[in-house]
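See structure below.
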Amino acid sequence: MALLGAVLFLLLFGGAAPASAHAALRGSDPEDGSVVKSAPRHLTLTFTESVGLLDDSFRVYGPDNRRVHLGEPRHADGGSDTARTELPGGLADGTYTVAWRVVSADSHPVSGAFTFSVGKPSPTAPAAPADHAEHPVTKSLYDTGRYLAYIAAALLIGTAAFAALCRPPDPAPLRLPLLTGWWTLLTATAGLLVLRAPYEKGASPATALDLPAFADALTGRPGLALLTRLALLLLAAAALLVPPVRRAAPRVHLAAGAALALALALTWAAAEHASAGIQVPVAMASSVLHLLATACWLGGLTALLLTLYRAGTPPPAATVARFSRLAFASVTVLVVTGVYQSWRGLGSWSALTETSYGRTLTVKLAVTVFLLAAAALSRRWTALLARPATAVAEARVPEPVGAPAAPPPRRAAPPPDGPDALRRRALRRSVLAEVVVAVVVLLVTTVLTGTLPARAEAEAARAPEPQVAGLPGASAFTVPYDVGTPGDRGTVQITMDPGRVGENGLQAVVFGADGGLTFVPELRISFTLEAKDIGPIDAKATDRGGYWATNDLNLPLEGSWTMRLTIRVSEVDQVSAVRQVRITR
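Under the working numbering, residues 1293 to 1877 are what the sequence shown spells out, in order.
If you want it as structure tokens, here you go:
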């Protein structure tokens, strides 16, 4: 219960972080920050993966800050990775702000904003609407449902696999995890289905009662996957009415259970990372195998733990040995599929340390190493149990011819605190440690599915940058940084021109601890508007011979932006500094 309480605490209070969408904007027509001579007839966005469209996927505000009436959003020329809307004729000269929101193929909504100008830029860009930001309550509830669904699926599939393949003599303790997994997964899936429409639109949970929006959400790929999962769970309810397998499950039951588990795993693969990007068929097969192997190992661990603690009769060594073989096979599948999925999501070794996806993946790998260490310890105790120390070898002693037959030797009853009992207690502790670490692995995995893959992030970064000068005016400020050694501090003086919504020029000069100019190998500057879930926007500052500068930094909305500086002070060391920057119209 303490472990469950800790998990629920992490779910409820750890779900308030900004969403990390999986589709990234690759480019737009008109381009971000561009000035076109005549008014375009269409607005087209291109993404790094296929996207789903909403009724209000586009909102365009003109120079007078009034909303422009648009055509129905659709895909351009049948391209599933594009979004297009028709603009009205006769657009006036000036700057237009475009706010957009689409749904990634892997079920996560993504939004943003940019500007373009017709004829010439306006003195100030119009503000974008505020209702495209994530609603914190909806996001927290939806993320909690996703976490619970992962844990429940592992518990349900893993317990069923343990009962069918490991064949414990007393399956009564497995009834509780089977029913708990089924009910939790059913409830979480139903909740995700109800919250799907407000999650896609970034609206309040109260809007879940909007029937037209709910119906629209059911027609998208994520909604269809959730509906399919509900149907499969209702089908699995019939299997739960039958007591767990006691000896050997008939082949038809094993085949039906395997097909049901495979179908359940497909509902995740069809609506998450694997369904978008490169090598989709291979990625989906890898994702299904990865999820099933995770369930058989981690869910089976919970079933083994309950069997060790709650079974009326201790499980024989043969049951534990069967699970040991099942776990070994599952780990082998996890390693193979995990390596492939890591390569597919990262794209480069440097992404392990330079991207959020890579750092989260590194944490998962580190925790998995601890899990494998605990599994190796459990496997050792399993091997010892398979050779009971209480068994007395039957010695055959030569007998004289004609002597009466001697009675067979009797086996001594194992003492209550003998080697076998000690080994069983040690096995219980090692399996309990595995379960605790396994919960952490599942939580980190769920966070990883909500993080933009490094390969997609790099692809989006290669999008063409606008080359439009900023507007008149300037804002200047100083950001201190500390290398971490005594007397090794410095400052970065930054000038933003004009420091307002729209195109900005940026110049940065780095000073050392002595107040003089200093050379640094690299300076990266990014901006994030957390209130609107926009960013980080890379300023793309380049070395201009003594200072760093860019002429095409576009900040589309007013508000308090978080400016993050990463200063590489040597070939191997770097420091970071953060400063809040107020951008006005």
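Built from N, CA and C at the ideal position, the CB exists for glycine as well.
Here's the rule I'm using: 16 or more other beta-carbon atoms within 10 Å means buried, otherwise exposed. How should residue i be labelled?
i	result
G1494	buried
N1796	buried
N1357	exposed
V1627	exposed
Q1633	buried
H1334	exposed
R1874	exposed
G1592	buried
F1620	exposed
L1763	Any answer about L1763 is weak, because its pLDDT of 32 lies below 50 and its placement is not dependable; what the coordinates show is given next. Buried, since its Cβ has 16 or more Cβ neighbours within 10 Å.
L1468	exposed
R1878	Shown here, the chain extends from 1293 to 1877; a query on residue 1878 therefore has no answer.
V1580	buried
L1300	With a pLDDT of 38 at L1300, under the threshold of 50, the predicted position of this residue should be treated as unreliable, though the coordinate-derived value follows. It is exposed - the Cβ of L1300 has fewer than 16 other Cβ atoms within 10 Å.
F1408	buried
A1551	exposed
A1575	buried
T1876	exposed
E1341	buried
E1364	exposed
P1573	exposed
F1811	exposed
K1412	exposed
R1792	buried
L1663	buried
Over what stretch of residues does the beta strand (DSSP E) that includes residue i continue unbroken?
i	result
V1873	Q1866 to I1875
H1334	H1334 to F1339
F1408	P1401 to V1410
L1383	No beta strand (DSSP E) holds L1383; DSSP gives it neither H nor E.
P1828	I1826 to D1830
S1818	E1814 to L1821
R1366	Run containing R1366: none; DSSP gives neither H nor E here.
L1857	G1851 to R1860
Can you tell me the Cβ-Cβ gap for residue i and residue j, rounded? I've got them flagged as a contact below 8 Å.
i	j	result
W1840	A1800	4 Å
S1905	A1315	Only positions 1293 to 1877 of the chain appear in this structure, which leaves residue 1905 out of reach.
R1393	L1470	About 40 Å; that fails the 8 Å criterion.
V1802	R1871	Between R1871 and V1802 the Cβ distance is about 14 Å, and since that is not below 8 Å, they are no contact.
S1826	G1404	Here residue 1826 is Ile; the residue named in the question, Ser, does not match the sequence. Between G1404 and I1826 the Cβ distance is about 6 Å, and since that is below 8 Å, they are a contact.
T1820	T1842	17 Å between Cβ atoms; not a contact.
Using DSSP bridges, identify the partner residues of residue i.
i	result
D1964	Residue numbering for the chain in the displayed model covers 1293 to 1877; residue 1964 lies beyond these limits and cannot be assessed.
Q1799	T1787 and A1841
V1260	Residue 1260 cannot be examined here, being either before or after the span of the chain that is shown, 1293 to 1877.
E1378	H1334
D1347	Paired residues: none, contrary to the question.
A1391	R1351 and A1405
V1771	V1784
D1835	W1840
G1794	L1847
I'd like to check one pair, residue j with residue i: are the Cβ atoms closer than 9 Å?
i	j	result
A1464	A1603	yes
P1848	T1389	yes
L1583	A1557	yes
V1612	A1585	no
R1433	L1487	Note that residue 1433 corresponds to Leu in the displayed sequence, not to Arg. Result yes, Cβ atoms of L1433 and L1487 sit closer than 9 Å.
L1518	L1484	yes
L1457	L1618	yes
V1410	V1343	no
P1380	H1361	yes
P1497	T1436	no
D1462	A1489	no
A1441	T1481	yes
A1609	L1669	no
I1443	C1588	no
L1857	L1815	yes
L1596	F1454	yes
S1399	P1514	yes
W1474	A1529	yes
R1651	T1645	yes
F1406	A1375	no
P1790	R1860	no
D1835	S1818	no
From what residue to what residue does the alpha helix (DSSP H) around residue i run?
i	result
G1549	R1543 to A1561
T1436	P1428 to A1453
T1479	R1467 to K1493
S1579	V1572 to T1586
R1602	G1592 to R1602
A1507	L1503 to T1511
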